Amino acid sequence: MPAGESVNFYAGGGFDRAVRRRGDAAWVAARLADPATRILPVWRARNLIAAGPAPAAAALSAAAAAALIAQAGEVALLGVADAVAYFAIELSHLDEPAAVPLLAAAGEFADLRAVGPLLEHREGALLAYARGLMHWHARHRYCGACGNPTESVEAGHLRRCTDPACALPQFPRTDPAVIVLVSDGARIVLGRQAAWPPGMHSVLAGFVEPGESLEDAVRREVMEEVGVELADVRYHSSQPWPFPASIMLGFTARAATTALRVAQDEIEDARWFSRAELLASPEDDGFRLPRRDSIARRLIEDWLAEGG
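Taking our numbering, the leading residue of the sequence shown gets 616, the next gets one more, and so forth.
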């Protein structure tokens, strides 16, 4: 990461993904036998968080976690940081992880969205990576071409059909979604979905469709949701969002029209907000901004900062 560059939550992390090592079975086995290696368990889409005054990733030593590694549903190499290898293991087969003394002593399993903003940046990135990779494994246990079971290879970064006549490879997938801050200069559009926490409003977003460019997806989603035409669609930044399997591609755009036509089958409300209104946000059930670990919040805060 270049000096001074601002990186979104769950992105970056400053670790080497060790791509060229994934196919080296001897190297992977040696890392799993190395006492310095750290294991990040995932249980039913939750990460193990250490008990303490501030949330932190509960990273188990490979030696202590040997029995858990042996029974894990999946084991995947995440990468190497400061000469230490990190692996994710899937433990969703456990009915009560708190009944395992090692896990109970290490912490509790929690939804990453509840603690993400409080984690050190590298830890947040590793836990998001672990969660996303384990979700992909759980959704690709069978071949989409012939229906036979698949097996995990390449240190957890490839699943291959077990039928030799097929042997179709499947690589981890991420669903691209665009998210855009629409401004007329003095105001931005925020909307809310009925399923969101009370009062929460956010910028507009949606998934990219096949055969569609990112810019076209931005224009389509905004037109569909609020009926606004856009000009000057510009890329801002991106964020991995493994809840469960997305990459958020952030944009800013200037509104060419300002009349709102809210598609209430997608969002329950949307309106224009000034900087003064957002800076005075009560952050309560009446009105609140998006989560602090989200690119939506980053887009809004960057726009607020532009106003001085």
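The beta-carbon is built from N, C-alpha and C at its ideal position, and this holds for glycine as well. Computed from a predicted structure; not experimentally measured.
If you count every other CB in all the chains shown that lies within 10 Å of the CB of residue i, and 16 or more means buried, which is it?
i           : result
residue 913 : buried
residue 708 : exposed
residue 854 : buried
residue 874 : exposed
residue 907 : exposed
residue 624 : buried
residue 766 : exposed
If you draw a straight line from the alpha carbon of residue i to that of residue j, how long is it in whole angstroms?
i           : j           : result
residue 828 : residue 705 : 35 Å
residue 793 : residue 822 : 6 Å
residue 731 : residue 655 : 15 Å
residue 888 : residue 802 : 5 Å
residue 669 : residue 653 : 20 Å
residue 680 : residue 845 : 53 Å
residue 647 : residue 687 : 13 Å
residue 800 : residue 916 : 15 Å
residue 636 : residue 692 : 9 Å
residue 871 : residue 910 : 24 Å
residue 714 : residue 657 : 15 Å
Look up residue i in the DSSP assignment and say whether it is helix, strand or coil.
i           : result
residue 905 : coil
residue 847 : strand
residue 658 : strand
residue 865 : strand
residue 694 : strand
residue 808 : coil
residue 701 : strand
residue 686 : helix
residue 775 : strand
residue 787 : coil
residue 713 : helix
residue 744 : helix
residue 796 : strand
residue 766 : strand
residue 631 : strand
Output needed for residue i: all residues of its chain with C-beta closer than 7 Å, excluding positions within five of it in sequence on either side, in chain order.
i           : result
residue 883 : 807, 808, 809
residue 815 : 807, 903, 905
residue 953 : A query on residue 953 cannot be resolved here, the shown segment of the chain reaching from 616 to 923 and no further.
Residues in the same chain with beta-carbon distance under 6 Å from residue i, minus the five sequence neighbours each way, listed in chain order, please.
i           : result
residue 718 : 712
residue 651 : 699
Residues in its own chain within less than 8 Å of residue i by CB, not counting five upstream and five downstream?
i           : result
residue 778 : 758, 761, 763
residue 894 : 919
Worksheet item: Does the segment 629-647 come within contact of the segment 735-742, defined as at least 3 CB pairs closer than 8 Å?
Response: yes
Item to complete: Assess, as a yes-or-no matter, whether the segment 657-664 is touched by the segment 716-726 under the definition of 3 or more beta carbon pairs within less than 8 Å.
Response: yes
Discussion item. Could you check whether the segment 746-760 touches the segment 779-792, counting it as contact only if at least three pairs of C-beta atoms, one from each stretch, sit closer than 8 Å?
Written reply: yes
Item to complete: Could you tell me whether the segment 869-881 touches the segment 767-778, using the rule of 3 or more Cβ pairs below 8 Å?
Response: no
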